[in-house]
Amino acid sequence: MNRRMALSVIVMMFMVSVGLTTIATGYSTYIDNETVITWNVEKITNFTMWYTEGGYCAALNDSTMEFSASNVDDEVSGTLSIGNVSVATNDTMIALDLTLGVWPDWLPGLIIEVGQNNINTLNETAYAAAERIAGNWMNGTMVSKYENITIGLRTEECIVFDYLQDSPGTQVTHLAYSLSSGVLVEANTTVTFTSTYLLVVSLSSINNPTIVDLTPPPFPGIILAGIIGGGLIAVIVLIFIQISRRK
0 MNRRMALSVI VMMFMVSVGL TTIATGYSTY IDNETVITWN VEKITNFTMW YTEGGYCAAL
60 NDSTMEFSAS NVDDEVSGTL SIGNVSVATN DTMIALDLTL GVWPDWLPGL IIEVGQNNIN
120 TLNETAYAAA ERIAGNWMNG TMVSKYENIT IGLRTEECIV FDYLQDSPGT QVTHLAYSLS
180 SGVLVEANTT VTFTSTYLLV VSLSSINNPT IVDLTPPPFP GIILAGIIGG GLIAVIVLIF
240 IQISRRK
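Counted from 1, the sequence shown has number 38 at position 39 by numbering that gives the first Met the number 0; the numbering is strictly sequential.
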């Protein structure tokens, strides 16, 4: 192997590694019209689902919530099952009913679009939703960060949002989304009007018959691919250095 050939191989491996570690824009390939996502419902109060038209929801602590996707376009639509309710709806209406966001403009819901540009936009709109300006009665404190969150035996790299509405508002919302799948990993959200609403959930599984190994691994497969690609590059660089020294 001469120097020029070795250098060409290094460049090719670098391009492959970059391609593997780049997250595509839009919804993740985990999400299509055969995806079924299940969450553990750790705590919940009974409430009325106005926006999805699901009606009165009576659910129990330590139960499950399921979303079966049926269409993925600009919006994710499907069937939400929680407590005694099973309703065909979309993710925006779910966000409104379950208080997974800040009414009325920042409504990430159960599934967000992945890719750095989409994450940046989601982050910007989150802060805008809580901005302390005239006419915004949802003003408050919004904090976002990247964090590794472990649920069971899995660790997910997430974007995390924490929102605290200014008094006399009562909403307090914590949301964490996987950067690889875009799925809600955990939520703890509460608000009080005439009564107190509370929902605490954590991701249980992502199932899709068209994709192998959908349940999120201990760390995203994309990162693993990047590590492998980087390791191959390191090995080839060492070979190139040895060849150069012999010349």
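C-beta: ideal position from N, C-alpha, C; glycine also.
Rounded separation between residue i and residue j - CA only
{"i": "Ser177", "j": "Ser203", "result": "13 angstroms"}
{"i": "Ile118", "j": "Glu112", "result": "7 angstroms"}
{"i": "Leu97", "j": "Thr91", "result": "10 angstroms"}
{"i": "Gly100", "j": "Asn32", "result": "24 angstroms"}
{"i": "Ala57", "j": "Val182", "result": "24 angstroms"}
{"i": "Glu65", "j": "Ala125", "result": "25 angstroms"}
{"i": "Lys42", "j": "Gly82", "result": "12 angstroms"}
{"i": "Gly151", "j": "Gly134", "result": "43 angstroms"}
{"i": "Val258", "j": "Gly168", "result": "Summary: the structure shown does not reach residue 258, with the chain confined to residues 0 through 246, and so no result is reported for it."}
{"i": "Cys157", "j": "Thr88", "result": "26 angstroms"}
{"i": "Val35", "j": "Val184", "result": "14 angstroms"}
{"i": "Ala129", "j": "Glu123", "result": "10 angstroms"}
{"i": "Asn60", "j": "Thr37", "result": "15 angstroms"}
{"i": "Phe192", "j": "Leu198", "result": "15 angstroms"}
Same chain, Cβ closer than 7 angstroms to residue i, neighbours up to 5 away in sequence not counted
{"i": "Thr21", "result": "Interpretation of Thr21 is limited by its pLDDT of 33, a score under 50 that renders its predicted location unreliable; the figure taken from the coordinates is listed afterwards. Around Thr21: no qualifying Cβ."}
{"i": "Asn39", "result": "Thr63, Val200, Ser201, Ser203"}
{"i": "Leu163", "result": "Gly139, Thr140, Val171"}
{"i": "Tyr50", "result": "Met92, Leu95, Asp96"}
Reduced DSSP secondary structure (H/G/I, E/B, other) of residue i
{"i": "Leu121", "result": "helix"}
{"i": "Tyr26", "result": "coil"}
{"i": "Gln170", "result": "coil"}
{"i": "Tyr126", "result": "helix"}
{"i": "Asn39", "result": "strand"}
{"i": "Met92", "result": "helix"}
{"i": "Leu152", "result": "coil"}
{"i": "Asn135", "result": "coil"}
{"i": "Leu178", "result": "coil"}
{"i": "Leu79", "result": "strand"}
{"i": "Asn32", "result": "coil"}
{"i": "Asn116", "result": "helix"}
{"i": "Leu202", "result": "strand"}
Buried or exposed by the 16-neighbour rule on C-beta atoms within 10 Å, applied to residue i
{"i": "Tyr145", "result": "exposed"}
{"i": "Val142", "result": "exposed"}
{"i": "Ile132", "result": "exposed"}
{"i": "Thr196", "result": "For the record, residue 196 in the displayed sequence is Tyr; it is not Thr. The residue in question, Tyr196, is buried, as its Cβ has 16 or more Cβ neighbours within 10 Å."}
{"i": "Ile227", "result": "Residue placement at Ile227 is flagged as unreliable, the pLDDT there being 47, under the threshold of 50; the coordinate-derived value follows with that caveat. Ile227 should be labelled exposed."}
{"i": "Trp105", "result": "buried"}
{"i": "Pro107", "result": "buried"}
{"i": "Asn70", "result": "exposed"}
{"i": "Glu155", "result": "buried"}
{"i": "Thr188", "result": "buried"}
Presumed contact (8 angstroms Cβ cut-off) between residue i and residue j, rounded CB distance
{"i": "Ile205", "j": "Ser166", "result": "No, Ile205 and Ser166 are not in contact; Cβ-Cβ is about 38 angstroms, not under 8 angstroms."}
{"i": "Phe86", "j": "Leu79", "result": "What sits at residue 86 in the sequence shown is Val, not Phe. The pair is a contact, with the Cβ atoms about 6 angstroms apart (cut-off 8 angstroms)."}
{"i": "Gly53", "j": "Val84", "result": "4 angstroms"}
{"i": "Ile210", "j": "Tyr29", "result": "7 angstroms"}
Check: residue i C-beta below 7 angstroms from any heavy atom of the ligand GTP
{"i": "Asn83", "result": "For the ligand GTP, the structure offers nothing, since it holds no ligand at all."}
Cutoff 6 angstroms; reference residue i; Cβ partners in own chain excluding five residues on either side
{"i": "Val159", "result": "Lys144, Glu146, Ala175"}
{"i": "Gly77", "result": "Phe66, Ser67, Ala68, Ser69"}
{"i": "Asp161", "result": "Val142, His173"}
Spatial neighbours of residue i in its chain, beta-carbon cut-off 8 angstroms, leaving aside the 5 residues before and after
{"i": "Asn45", "result": "Tyr55, Cys56, Ala57, Ala58, Gly82"}
{"i": "Ala127", "result": "Asp104, Trp105"}
{"i": "Met48", "result": "Gly54, Tyr55, Cys56, Val84, Val86, Asp96"}
{"i": "Ser194", "result": "Thr44"}
{"i": "Tyr26", "result": "Val71, Val75, Ile110, Glu112, Val113, Gly181"}
{"i": "Trp102", "result": "Leu95, Met137"}
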